[in-house]
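Here's what the structure looks like:
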């Protein structure tokens, strides 16, 4: 009996789909892989670059060991070193716009620029604790966090700083603010602090883990991510009331759990994580799945910045700066 042609076509399509499943979707994996191009940029320094920030796709800054501050105005094609006025380890850089920026460092060092980083002035702040991060949700309102549970707050663009009570002595490594009222801070011993009143009060939130958390990022008021040592990854979908432990895939070359050092999302769907040994993870489905970790540089990566959804930069050891370009 002859089999109708349409039945043959249907069967062939089913066989083709089964082959794709059996082979692990190689065509889809290849197209996803080639959508991202990576370029190692010449930074002209061997300093460890702990932080990088691009407020625009053209303008960027990177900071690190030995008081290093680097600046680019051409998307990282060339970098120049600018005088910081210190040899302290610089830990974080943030620009509210192309002119106004802040840098934190060891020994309570806090620098401010109002001319696009051409010159920096040290701000008066009453602490010798290392400051690990600075965050400004608006040009005038910002926070700096550091060792010993240190939190400082400014409402005049960093001219004056006032200490806030954190309720902890744990080292605080980063802060992320959605606006001038709502923010989250993470740090050692699984510390997560949140505020909804501009830091007047800080509330401890729990991950049920004592791992050190290095970074936190929220895509909106309810959904956020925190990363830390030994592959720690936590997600909240209720504004931080609860945090759920997530597990990233470990590739065939994985020899130990990798410290995850920075997390950023460019949309609710697309996110990125960098960490030890140049490891990069990517999600395109709001964190339901993550790509297998791949090394994109011969150095650990500490900084990550995306001025838009197509372009990003990562920074790390030995002056490493990697440009990520999505070819959509």
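Residue numbers (the working numbering): 21 to 348.
Built from N, CA and C at the ideal position, the CB exists for glycine as well.
Nothing here was measured: the structure is a model prediction, and the numbers come from that model.
- Relative to the Cα of residue 340, the nearest Cα in the group 167, 267 and 70 belongs to 70.
- Looking at 316, 293 and 144, the one whose alpha-carbon comes closest to that of residue 310 is 293.
- In terms of Cβ geometry, residue 238 and residue 213 do not form a close pair [threshold 8 Å].
- Checking the DSSP bridge columns, you'll see residue 224 partnered with 213.
- Excluding residues up to 5 positions away in sequence, 346 lie with their Cβ nearer than 6 Å to the Cβ of residue 330 in the same chain.
- Residue range 264-266 is occupied by the beta strand (DSSP E) that includes residue 265.
- For residue 79, no beta strand (DSSP E) segment is defined, and its DSSP state is neither H nor E.
- A direct Cα-to-Cα measurement between residue 220 and residue 60 gives close to 43 Å.
- For residue 159 and residue 116, the gap between their C-alpha atoms comes out near 5 Å.
- Using a 10 angstroms sphere on the CB of residue 205, the tally of other CB atoms reaches 16 or more, which defines it as buried.
- Residue 302 and residue 262 have their C-alpha atoms roughly 23 Å apart.
- Assignment of beta-bridge partners to residue 317 by DSSP yields no partner.
- Secondary structure at residue 57: strand, using DSSP grouped into helix, strand and coil.
- Restricting attention to 82, 245, 189 and 240, the CA atom closest to the CA of residue 122 is found in 82.
- Considering only 326, 300 and 171, the residue with the shortest C-alpha distance to residue 287 is 326.
- Only residues of its own chain outside the window of five on either side were considered, and among them 346, 347 and 348 have a CB closer than 8 Å to the CB of residue 55, listed in chain order.
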